[in-house]
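Written out below as structure tokens is the structure these notes cover.
2 protein chains.
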Amino acid sequence: MSAAMTAAEFSSPWTLAHRAERMNPSILREILKVTDRPGILSMAGGLPSPESFPVEAMRAACERVLRDTPREALQYAASEGFAPLREWVAAHLAAQGMAVGADQVLITTGSQQGLDLVAKVLVDPGAPVAVETPTYLGALQAFAPMEPIFASVASDADGPLPEAVAALAHDAPGTRFLYVLPNFQNPSGRLMPEARREALVAAAQRAGVPLVEDNPYGDLWFDTAPPRPLAARWPEGTIYLGSFSKVLAPGLRLGYLVAPRALYPKLLQAKQAADLHTPGFNQRVVHEVIRDGFLDTHVPKIRTMYRRQRDALCEALREHLPAGSEWQPPSGGMFCWIRLPEGCDAVALLPQAVEQGIAFVPGAAFYARQPDARTVRLSFVTLTPDEIRTAVATLGALLRRHLTEDAPTPTP
Amino acid sequence: MSAAMTAAEFSSPWTLAHRAERMNPSILREILKVTDRPGILSMAGGLPSPESFPVEAMRAACERVLRDTPREALQYAASEGFAPLREWVAAHLAAQGMAVGADQVLITTGSQQGLDLVAKVLVDPGAPVAVETPTYLGALQAFAPMEPIFASVASDADGPLPEAVAALAHDAPGTRFLYVLPNFQNPSGRLMPEARREALVAAAQRAGVPLVEDNPYGDLWFDTAPPRPLAARWPEGTIYLGSFSKVLAPGLRLGYLVAPRALYPKLLQAKQAADLHTPGFNQRVVHEVIRDGFLDTHVPKIRTMYRRQRDALCEALREHLPAGSEWQPPSGGMFCWIRLPEGCDAVALLPQAVEQGIAFVPGAAFYARQPDARTVRLSFVTLTPDEIRTAVATLGALLRRHLTEDAPTPTP
Chain A
777 MSAAMTAAEF
787 SSPWTLAHRA
797 ERMNPSILRE
807 ILKVTDRPGI
817 LSMAGGLPSP
827 ESFPVEAMRA
837 ACERVLRDTP
847 REALQYAASE
857 GFAPLREWVA
867 AHLAAQGMAV
877 GADQVLITTG
887 SQQGLDLVAK
897 VLVDPGAPVA
907 VETPTYLGAL
917 QAFAPMEPIF
927 ASVASDADGP
937 LPEAVAALAH
947 DAPGTRFLYV
957 LPNFQNPSGR
967 LMPEARREAL
977 VAAAQRAGVP
987 LVEDNPYGDL
997 WFDTAPPRPL
1007 AARWPEGTIY
1017 LGSFSKVLAP
1027 GLRLGYLVAP
1037 RALYPKLLQA
1047 KQAADLHTPG
1057 FNQRVVHEVI
1067 RDGFLDTHVP
1077 KIRTMYRRQR
1087 DALCEALREH
1097 LPAGSEWQPP
1107 SGGMFCWIRL
1117 PEGCDAVALL
1127 PQAVEQGIAF
1137 VPGAAFYARQ
1147 PDARTVRLSF
1157 VTLTPDEIRT
1167 AVATLGALLR
1177 RHLTEDAPTP
1187 TP
Chain F
777 MSAAMTAAEF
787 SSPWTLAHRA
797 ERMNPSILRE
807 ILKVTDRPGI
817 LSMAGGLPSP
827 ESFPVEAMRA
837 ACERVLRDTP
847 REALQYAASE
857 GFAPLREWVA
867 AHLAAQGMAV
877 GADQVLITTG
887 SQQGLDLVAK
897 VLVDPGAPVA
907 VETPTYLGAL
917 QAFAPMEPIF
927 ASVASDADGP
937 LPEAVAALAH
947 DAPGTRFLYV
957 LPNFQNPSGR
967 LMPEARREAL
977 VAAAQRAGVP
987 LVEDNPYGDL
997 WFDTAPPRPL
1007 AARWPEGTIY
1017 LGSFSKVLAP
1027 GLRLGYLVAP
1037 RALYPKLLQA
1047 KQAADLHTPG
1057 FNQRVVHEVI
1067 RDGFLDTHVP
1077 KIRTMYRRQR
1087 DALCEALREH
1097 LPAGSEWQPP
1107 SGGMFCWIRL
1117 PEGCDAVALL
1127 PQAVEQGIAF
1137 VPGAAFYARQ
1147 PDARTVRLSF
1157 VTLTPDEIRT
1167 AVATLGALLR
1177 RHLTEDAPTP
1187 TP
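Protein chains in written order, with our numbering: chain A, 777 to 1188; chain F, 777 to 1188.
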């Protein structure tokens, strides 16, 4: 659909920008419209559990902020963000091995906005941007309007293959960055181990491909904390994105990015132009909630809750999935990634699943290039363990029936 | 500075997008760094009066939202915005003569984000975008990264000249839109009267130039409400932007846009990519504040307060400004626009003004093309009437001194 055709359809004075062709309805949101019906046991959503929201701490923090600094909280504020919150972020990251100054921290309206700013500042139309296989759909949506050509880097259960990253220098020269989500990736749930991190960073440095590291789930580990961020290994070649959505609440839309000092001013200018600043009230309320170590006790509670749900899921998957299914128990985060047996097409199966009262997201939505039709993303954090068992049993029965019906009838 | 040079300066793997050259530090924010010092009587800021913030109503609303719907308020939410708030906006606009459906309302993270989305969806590099002379600096900053060529439409005290709009068809063919702020414009304070609105819309329709109408100040009228919006006159050819920043508080970052139905889906997709959605908590709190007619009593209080400040300003300007100064009493909003006598350069005068303990914004910042060095923007809403009188007396003395010193010495 060309811009001119679209304008003609409007029979109006409007002409769409060329980049608007790259904006499309979120496939995921379209799926969720179908799956989010009452009575459906949905493993399709990407939402954190509302059980994890610290409502009472939020209430008390709102009260204190509006009592102590109402005018500051409700007035226009600095585009960089609320200084004490920026300092908190820098200290929080230092504890994870990242030596960053508060002056490198830019508070964003959710980490989704960080992706938008990165794309605006770094992506020219036709320039290559490399992503994992599969990758986070929201990142593809944020980058696409700036009209990159996506390079989908071959990946295994540990993340992108270093040799595939090295090959970018030749296959996609001028790649603006590699977008990578090393901790409990959305959608695959995979964790990049220490050795892969080292090899990936070395390959990226040699190829001259900087990194955009997204870490919304890193705090949600079940057994051991993830290895040091990529940004700690290559600070001047990495933009790091963080979020309060999964450890506090997404409805606050509060995230941050950490940028090399040489890049920071341009990202800040893009931020000013985008929304002047992230709501100062939200920044102060969150800082008020977390300033005295609240997350040290709160996050372990979320881990315990999600771990129990993960355990229920894995037990059920072991029991109910037909032979030929491939999956690994996630060691953190919110998602489990399954490759269905040969002959299964997740998109084709979804309507039958919804009919049976369950829902998942077909993995095809998460590929920048050639999708794998057999993949499925399951979220395990918004159903109870019992609901998870019921949902997976239903999924297993559906798959078995499908595989049996599909099996070639023995010729007499 | 080319992108390549910039990349070389970094001696790093990063390459900036071409559009990043169009991102620059806000001149205004640089000025405010100089002028926002303790002891300075500043008329430079663009901030609403913090006296106008409804702190107690906010506190009660936060309490109710976190008591009644905490999980919904803190969870991810629809990109379109909170449905009851969208309905409130549609009803509010209907009262101003705009027949719009709630389905045309998109809640934005401040109306600044509305400008960003409009530019993303409608502006191609090199395409003309028309603006008033002078125009709102934040709009120039929002549009610039999408690399338009700005056409600065000749304007008088009533707004853009219809004949100059008509001329766009010839002088700037393919103009994507005319950005116009008809009510108490930032920076000029001017109100577009009924006759000019009619003539402007007719000229724009004939020229095939659609409108982006920005209305952050329309409710802040001092004597009579402004004429109907442009969007009411040409609904399918106008995107309308509104804001809660000036009638409630800017620190909530809550605005909205109203788009023709044919354009809405693309703006929504751009919104999803930009920050998923505007904080649901903020949307629910604001809806809770305003749902039962709060603004009907609150906004008149702001009007009364600002009117008193406007009166003090105008009285002082009449008393203290030297002959040759040109200005008109603003009939609403937050700003007064002054053209200094010949021989004055507002940029050159600012450091002396700051030295004398006062501050203003040189009008040059607000021109897309050729600035008028004699212009000055004064904000009158953050100083008390007494402070305004002192500040204007100081300004008047400074100008008189400057004009006397500058006057040619009579030759003997």
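For each residue, glycine too, the CB sits at the ideal point set by N, CA and C.
Only a predicted model underlies this, so the values are computations on that prediction, with no experimental measurement involved.
- Excluding residues up to 5 positions away in sequence, P1117, E1118 lie with their Cβ nearer than 7 Å to the Cβ of G1100/F in the same chain.
- Chain-ordered, the chain F residues with CB closer than 8 Å to the CB of C838/A read R835, C838, E839, L842.
- Annotation for G1027/A: no alpha helix (DSSP H) segment contains it, and DSSP assigns it neither H nor E.
- Between P963/A and the set R1176/A, E1181/A, V1152/A, I1164/A, the nearest pair of CA atoms involves V1152/A.
- Within the region 1052-1066 of chain F, the residues whose Cβ lies closer than 8 Å to any Cβ of chain A are, in chain order, L1052, H1053, T1054, P1055, G1056, F1057, N1058.
- When CB distances to chain F are screened at a threshold of 7 Å, the residues of the region 845-861 of chain A falling below it are P846, R847, A849, L850, Q851, Y852, A853, in chain order.
- With at least 16 other beta carbons inside 10 angstroms of its own, H1096/A counts as buried.
- In this structure, DSSP gives T1014/F an extended state, which the three-state scheme calls strand.
- As DSSP reads the structure, S1019/A sits in a beta bridge with G1031/A.
- Per DSSP, reduced to three states, the secondary structure at T811/A is helical.
- In this structure T1158/F is in contact with G821/F, their Cβ atoms being roughly 6 Å apart against a cut-off of 8 Å.
- Residues of chain A with a Cβ closer than 7 Å to the Cβ of V907/F do not exist, since the nearest Cβ in that chain sits about 15 Å away.
- In this structure, Q981/A is the residue among V831/A, T1073/A, A1124/A, Q981/A with its C-alpha nearest to the C-alpha of G1013/A.
- Between V1168/A and L1093/A, the C-beta gap is smaller than 8 Å, which places the two residues in contact.
- When the Cα atoms are used, I1078/F and Q1085/F turn out to be separated by approximately 11 Å.
- Look at the region 1016-1031 of chain F: the residues with a C-beta under 7 Å from a C-beta of chain A are A1025, P1026, G1027, L1028, R1029.
- In this structure, the beta-carbon distance from L898/F to L893/A does not fall below 8 Å.
- Secondary structure of V894/F (DSSP, three-state): helix.
- The Cβ neighbour count for A867/A, taken over all protein chains shown within 10 Å, is under 16; the residue is labelled exposed.
- The region 917-992 of chain F is shown to contain whole alpha helix (DSSP H) runs of 4 or more residues at 938-942, 944-947, 970-983, in chain order.
- Contact note: G886/F reaches chain A through D1051, L1052, using a C-beta cutoff of 7 Å and chain order.
- Here C1112/F carries a strand assignment [DSSP, helix/strand/coil].
- Bounds of the alpha helix (DSSP H) holding I1078/A are 1070-1096.
- The DSSP-derived three-state label of T884/A is strand.
- As DSSP reads the structure, T1166/F sits in no beta bridge.
- At a cut-off of 8 Å between C-beta atoms, S802/F counts as an interface residue with respect to chain A.
- Ranked by Cα distance from P958/F, the first of V985/F, G984/F, P949/F, A1007/F is A1007/F.
- When 8 Å is used as the limit between beta carbons, F829/F is near these residues of chain A: P846, R847, L850, Q851, in chain order.
- Around the Cβ of T1000/F, a 10 Å sphere holds fewer than 16 other Cβ atoms; the residue is exposed.
- A Cβ of chain A is located within less than 8 Å of the beta carbon of M799/F.
- With respect to chain A, the C-beta atom of P826/F has a partner C-beta closer than 8 Å.
- With a threshold of 8 Å between beta carbons, A1046/A makes contact with chain F.
- The beta carbon of V1130/F is closer than 7 Å to those of V810, T811, I816 in its chain, skipping five residues each way along the sequence.
- For H1074/F, there are no neighbours in chain A by C-beta distance under 7 Å, as the nearest C-beta there is about 13 Å away.
- If you draw a straight line from the Cα of L861/F to the Cα of V956/F, it comes to about 25 Å.
- Approximately 6 Å separates the beta-carbon atoms of G1139/F and P910/F; this is inside 8 Å, confirming the contact.
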